[in-house]
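Comments concern the structure below.
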């Protein structure tokens with residue numbers, strides 16, 4: 003269905019030792035599309051997300067970003083990573099830097115922006131995620147939800163073509179999940195290309211264009227959220243949904 | 040008391056000799072240790088191998104043996120330098136292995152996720168190391184690096200056996216002049232104390248200033 007593919011994975015295979023964690027993965031994410039990846043733990047969905055900017059290497063297959071093959075190492079890889087933002091489960095903010103400096107750092111070092119220019123952009127983005135007042139605090143002084151929103155602002159500061167979310171709300175207290183999801187929904191509405199690994203079925207239903215269901219290292223279903231949640235085809239997906247949607 | 044006042048210039052020279060050895064060898068050890076620690080965590084496997092071999096060889100060689108190797112070995116290859124410089128080389132290289140490991144343990148205290156985050160933003164390995172990992176590693180390695188440099192100050196006494204002017208070596212002259220050996224050594228010990236306490240004071244200060252806030 004994707005007319006203008008931004009992220010393409012072709013026959014991707016990856017092993018952790020003997021464990022075949024990604025098996026012949028084929029996935030295309032179009033520009034402006036929001037793809038939610040769900041599945042039981044250990045199904046390889048986080049690994050899939052991390053291969054897209056080569057935080058995990060792959061054994062075989064091809065990954066293309068915006069038509070270009072993913073470079074193996076060095077400068078080319080760094081440049082590509084700057085175009086693909088990533089948000090992690092554990093936020094991974096730089097603990098020794100203020101919130102503002104966290105968002106500005108890569109703008110200075112990678113994009114070569116001037117300090118006042120970078121800081122202005124950072125404040126804009128912090129405003130956008132609702133954290134303008136926290137700019138001069140350190141990450142440890144913020145709640146988990148706030149830290150994750152800073153992490154999103156930090157990824158956005160590079161003006162990426164796409165954003166990868168690796169279980170962005172899994173480490174959060176329940177009452178903080180929504181503030182992060184709200185920011186993500188807004189990004190989706192603005193047309194950001196997103197790959198989101200999550201357990202938030204509500205988000206998948208409301209914000210995703212497609213739901214990719216993974217199990218045992220394979221993509222089992224790849225459909226619209228409506229279809230997937232109302233009429234899953236595979237037994238594996240039925241089983242998974244019955245377990246999580248009961249309560 | 041006489042032994043100090045009568046031979047103040049001799050003590051002074053020895054003291055300065057030890058201070059010089061300590062300062063120069065410390066600088067060399069810190070610089071080399073820094074480079075080797077970067078090698079040991081580098082993504083390039085040949086660099087990692089160099090770092091590993093460096094640490095394995097130098098950390099596991101007795102310092103006296105290393106002095107012999109440098110002072111007697113290097114001239115055979117046509118490299119003739121003042122003995123003090125040889126001593127700085129031996130001490131500096133030896134200590135750099137320990138500094139390297141202290142730094143590496145500090146690097147390991149920084150959560151890997153922060154390195155991944157930096158890389159995912161497009162920062163290179165060296166940018167990640169210098170902007171994210173090392174500033175945080177630095178805070179946690181202040182105490183062990185201080186201990187290592189104190190050990191270096193005391194190890195510099197070995198240089199005296201290779202006719203480099205330093206504090207411990209002064210005892211020979213004093214002994215020949217017939218001074219009480221006990222008092223000679225007491226004042227030598229005081230000299231070392233001044234140096235080592237100065238180092239620990241410096242590192243205490245640094246820890247207060249930059250140490251990890253808990």
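Residue numbers (this note's numbering), protein chains in the order written: chain G, 3 to 249; chain B, 40 to 253. We treat Cβ as the ideally placed atom computed from N, Cα and C, and that holds for glycine. Only a predicted model underlies this, so the values are computations on that prediction, with no experimental measurement involved.
Kindly indicate which three-state DSSP category residue i falls into: helix, strand or coil?
i                      : result
residue 16 of chain G  : strand
residue 204 of chain B : coil
residue 62 of chain G  : strand
residue 198 of chain G : strand
residue 120 of chain B : coil
residue 159 of chain G : coil
residue 6 of chain G   : coil
residue 239 of chain B : helix
residue 54 of chain G  : coil
residue 162 of chain B : coil
residue 96 of chain B  : helix
residue 42 of chain B  : helix
residue 87 of chain G  : strand
residue 112 of chain G : coil
residue 102 of chain B : helix
residue 224 of chain G : strand
residue 230 of chain G : helix
residue 74 of chain G  : coil
residue 213 of chain B : helix
residue 95 of chain G  : coil
residue 11 of chain G  : strand
residue 219 of chain B : coil
residue 179 of chain B : helix
residue 131 of chain G : coil
residue 83 of chain B  : coil
residue 187 of chain B : helix
residue 171 of chain G : coil
residue 90 of chain B  : helix
residue 43 of chain G  : coil
For the ligand NAD, any of its heavy atoms closer than 8 Å to the Cβ of residue i?
i                     : result
residue 62 of chain G : In the structure on display, the ligand NAD does not appear, and there are no ligands present to speak of.
Contact check, residue i vs residue j under 8 Å by CB: the rounded distance?
i                      : j                      : result
residue 50 of chain G  : residue 39 of chain G  : 6 Å
residue 150 of chain B : residue 242 of chain B : Between residue 242 of chain B and residue 150 of chain B the Cβ distance is about 25 Å, and since that is not below 8 Å, they are no contact.
residue 89 of chain G  : residue 167 of chain G : 5 Å
residue 194 of chain G : residue 165 of chain G : 6 Å
residue 28 of chain G  : residue 11 of chain G  : 6 Å
residue 204 of chain B : residue 56 of chain B  : 4 Å
residue 61 of chain B  : residue 228 of chain B : Not quite, the Cβ-Cβ distance comes to about 16 Å (not below 8 Å), so this is no contact.
residue 80 of chain B  : residue 138 of chain B : Between residue 138 of chain B and residue 80 of chain B the Cβ distance is about 14 Å, and since that is not below 8 Å, they are no contact.
residue 209 of chain B : residue 53 of chain B  : 4 Å
residue 173 of chain G : residue 91 of chain G  : 5 Å
Kindly indicate the opening and closing residues of the alpha helix (DSSP H) around residue i.
i                      : result
residue 100 of chain G : That residue, residue 100 of chain G, is in no alpha helix (DSSP H); it is neither H nor E in DSSP.
residue 167 of chain G : Not the alpha helix (DSSP H): residue 167 of chain G falls in the beta strand (DSSP E), residues 164-168.
residue 253 of chain G : Nothing in the structure corresponds to residue 253 of chain G, since chain G is present only between 3 and 249.
residue 239 of chain G : 237-247
residue 197 of chain B : It is not in any alpha helix (DSSP H) - residue 197 of chain B carries neither H nor E in the DSSP assignment.
residue 142 of chain G : From DSSP, residue 142 of chain G is part of no alpha helix (DSSP H); its letter is neither H nor E.
residue 182 of chain G : 176-191
residue 68 of chain G  : Taken as a continuous stretch (DSSP letters only), residue 68 of chain G belongs to no alpha helix (DSSP H), as it is neither H nor E.
residue 208 of chain G : 203-209
If I follow the unbroken beta strand (DSSP E) through residue i, where does it start and stop?
i                      : result
residue 149 of chain B : First-last for residue 149 of chain B: undefined, no H or E at that position.
residue 62 of chain B  : Note, residue 62 of chain B: premise wrong, no beta strand (DSSP E); alpha helix (DSSP H) at 47-79.
residue 212 of chain G : 212-217
residue 38 of chain G  : 36-40
Near-chain B residues of the stretch 101-112 of chain G (beta-carbon distance less than 7 Å), N- to C-terminal order: 107, 108, 111, 112
Chain G contacts from the stretch 153-168 of chain B (Cβ-Cβ distance under 7 Å): 153, 155, 156, 158, 159, 160, 161, 162, 163, 166
Touch test, the stretch 130-142 of chain B against the stretch 63-76 of chain B, Cβ-Cβ under 8 Å, three pairs minimum: yes
Contact list for the stretch 168-185 of chain B against chain G, Cβ threshold 7 Å: 170, 171, 174, 175
Cβ-based contacts, 7 Å cut-off: residues of the stretch 48-70 of chain G near chain B: 55, 57
Given 8 Å, three or more beta-carbon pairs between the stretch 195-213 of chain B and the stretch 109-122 of chain G: no
Validate contact between the stretch 137-150 of chain G and the stretch 59-69 of chain G using beta carbons, cut 8 Å, 3 pairs: no
Residues within the stretch 197-221 of chain G neighbouring chain B, beta-carbon criterion of under 8 Å: none
The stretch 122-134 of chain G in contact with the stretch 167-177 of chain B per 3-pair CB rule at 8 Å: no
Three-pair Cβ contact test at 8 Å for the stretch 14-30 of chain G versus the stretch 165-179 of chain G: no
The stretch 220-236 of chain G touching the stretch 157-172 of chain B, judged by at least three CB pairs closer than 8 Å: no
At least three beta-carbon pairs within less than 8 Å, the stretch 74-84 of chain G to the stretch 144-164 of chain B: yes
Chain B contacts from the stretch 159-184 of chain G (Cβ-Cβ distance under 7 Å): 160
The stretch 69-77 of chain G / the stretch 116-128 of chain B touching (three or more Cβ pairs under 8 Å): no
Inter-stretch contact (C-beta, 8 Å, three-pair minimum) for the stretch 101-117 of chain B and the stretch 41-48 of chain B: no
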